[in-house]
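In this note's numbering, the protein residues as written are 16 to 448.
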RNA sequence: GUGGGAGUAGCUCAGCUGGUGGCAGCACCUGGUUGUGGCCCAGGAGGUCGUGGGUUCAAGUCCCAUCUCUCACCCCA
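Shown next, in the form of structure tokens:
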């Protein structure tokens with residue numbers, strides 16, 4: 016701790032032990048996304064501020080107070096991925112390639128909020144979007160995919176769904192709701208009183224006990240949907256049931272971003288403290304046109320990687336163990352042993368074998384210890400003695416058995432023989448690979 | 001942005017009402033074993049007690065500020 020420089024608030028390092036989990040999650044996600052026909056798209060993490068203001072909504076908390084913006088340059092670190100993805104989609108005219116595009120991306124997002132459990136200022140999302148399809152079956156498929164990913168990761172999450180209607184039916188619901196809430200405004204929390212004008216739908220999801228009481232008697236948006244939206248929602252539900260995806264309807268669920276229409280959903284868990292959402296998403300049928308693109312519907316979701324990692328870490332059961340850092344460790348003794356070992360290790364690596372050695376001339380005991388620590392299955396002991404009699408000692412670290420390993424032929428063929436050995440010989444015990 | 005809790009070794013943490021920083025555990029190094037890992041034993045190394053001020057003969061301990069972590073509000077992945 017010589018330097019008094021630390022990571023800035025809300026940003027954190029992910030150390031090698033934890034990276035193992037990250038890679039696991041990312042691998043699973045890629046695997047499943049590919050199964051569903053999604054292609055990866057990689058996006059810049061910075062965009063013109065205007066993009067987020069126009070898509071997420073001027074009056075949302077994200078845009079009003081949580082963005083990392085370079086004011087002098089008009090640029091902003093992305094607070095979410097959908098806007099960037101759609102920008103790229105429109106910019107490159109991807110809709111001409113095929114009528115329905117399925118894209119995913121993953122990476123860091125930035126929001127200037129107060130950090131707490133499962134919430135960082137730089138956090139990571141897995142993001143999947145389907146553009147160009149309006150069929151309810153697509154909504155169901157997308158949710159099924161999220162559900163499958165969480166299930167394959169071994170996580171317990173509930174799926175809650177709702178419909179927020181469309182520009183044809185939401186405004187009238189909003190009016191109905193405001194009329195109702197006005198009657199009880201006095202009983203509601205100060206936040207909700209303030210939201211009465213700015214974002215009355217948000218009151219439906221308020222945690223305050225008083226508000227919950229009021230909201231319990233409020234009209235439901237599901238009763239106010241126009242026939243097309245109502246039909247869409249019914250068929251989304253049918254789709255989920257058809258695929259046996261468990262879900263519940265939560266007519267109070269609202270979203271923090273303005274662009275959502277019709278289907279919205281959240282994957283929630285009780286094990287994350289105040290942050291119950293592991294992932295969330297919804298349909299945004301007007302957004303692409305609003306950003307200057309073709310008039311195309313879209314739907315997508317984002318999963319919070321940190322939140323998934325937290326859940327995995329809380330889980331009982333066997334931990335993920337990092338892969339061995341070395342398959343074979345060459346223990347060198349003496350100056351000649353060191354020179355020969357260095358070449359051998361290099362040739363092994365060239366041949367695709369994870370090989371390691373120690374250059375500091377430490378005792379054999381210390382080197383064997385290091386071999387064990389690296390998870391090496393074999394140790395090859397090469398000292399000046401071995402070189403002079405042209406025969407090294409090969410030790411199987413699990414069975415503790417040792418055998419001679421001839422060094423008569425060239426270093427290259429020795430390396431080749433060792434590689435064959437490492438890749439073909441079965442482990443002595445049922446030790447994880 | 002608001003409120004509670006907390007910062008002592010790489011990690012987890014003792015340290016009472018101020019009086020020399022812990023034979024603490026894990027990890028690390030060395031030795032016990034002339035050249036053989038995991039267990040055991042012995043020894044060793046490792047600290048601006050988050051940072052900056054203040055009170056005091058004396059501050060890890062009390063006071064103020066600040067930074068960070070943490071939990072919650074707000075909001076959200």
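Yeah, the Cβ is synthetic: ideal placement off N, Cα and C, and Gly gets one too.
Reference residue i, options the options, closest by Cα
| i | options | result |
| --- | --- | --- |
| residue 100 | 76, 144, 130 | 144 |
| residue 92 | 115, 124, 116 | 124 |
| residue 81 | 182, 52, 234, 134 | 134 |
| residue 222 | 68, 203, 273, 128 | 203 |
| residue 212 | 343, 272, 159, 189 | 189 |
| residue 30 | 38, 23, 24 | 38 |
| residue 537 | 165, 54, 248 | It is not possible to answer for residue 537, since the shown part of the chain is limited to 16 through 448. |
| residue 95 | 111, 119, 410, 105 | 119 |
| residue 270 | 51, 75, 23, 67 | 75 |
| residue 56 | 69, 23, 102, 83 | 102 |
| residue 104 | 59, 132, 79 | 59 |
Limits of the beta strand (DSSP E) - the one that residue i falls within
| i | result |
| --- | --- |
| residue 146 | 137–146 |
| residue 343 | 343–347 |
| residue 420 | 417–421 |
| residue 283 | 276–283 |
| residue 295 | 292–298 |
| residue 69 | Taken as a continuous stretch (DSSP letters only), residue 69 belongs to no beta strand (DSSP E), being part of the alpha helix (DSSP H) at 64–71. |
| residue 378 | Here residue 378 belongs to no beta strand (DSSP E), and DSSP marks it neither H nor E. |
| residue 20 | Element bounds for residue 20: n/a, residue is neither H nor E. |
| residue 396 | 393–397 |
Span of the alpha helix (DSSP H) around residue i
| i | result |
| --- | --- |
| residue 324 | 320–329 |
| residue 99 | 97–106 |
| residue 90 | Segment 90–92 is the beta strand (DSSP E) holding residue 90; no alpha helix (DSSP H) there. |
| residue 432 | 426–439 |
| residue 246 | 242–257 |
Residue j beta carbon less than 8 Å from that of residue i
| i | j | result |
| --- | --- | --- |
| residue 390 | residue 353 | no |
| residue 150 | residue 280 | no |
| residue 90 | residue 61 | yes |
| residue 316 | residue 157 | yes |
| residue 290 | residue 250 | no |
| residue 422 | residue 401 | yes |
| residue 33 | residue 121 | no |
| residue 110 | residue 309 | yes |
| residue 385 | residue 373 | yes |
| residue 117 | residue 67 | no |
| residue 155 | residue 254 | yes |
| residue 248 | residue 258 | no |
Bridge partner(s) assigned by DSSP for residue i
| i | result |
| --- | --- |
| residue 38 | Residue 38 is not bridged to any residue. |
| residue 117 | 145 |
| residue 350 | The partner list for residue 350 (beta bridge, DSSP) is empty, contrary to what the question assumes. |
| residue 177 | 279 |
| residue 125 | 137 |
| residue 370 | 343 |
| residue 217 | The partner list for residue 217 (beta bridge, DSSP) is empty, contrary to what the question assumes. |
| residue 131 | 134 |
| residue 85 | 90 |
If you pair each beta-carbon of the region 224–242 with each one of the region 129–147, do three or more pairs fall below 8 Å? no
Give a yes or no on contact between the region 254–271 and the region 169–188, applying the rule of three or more CB pairs nearer than 8 Å. yes
Is the number of C-beta pairs between the region 294–303 and the region 191–207 that are closer than 8 Å three or more? With fewer than three CB-CB distances shorter than 8 Å, the region 294–303 does not count as touching the region 191–207.
Tell me whether the region 361–378 and the region 336–343 touch, counting them as touching only if at least three CB pairs, one residue from each stretch, are closer than 8 Å. yes
Does the region 354–364 touch the region 427–439, meaning 3 or more C-beta pairs lie closer than 8 Å? yes
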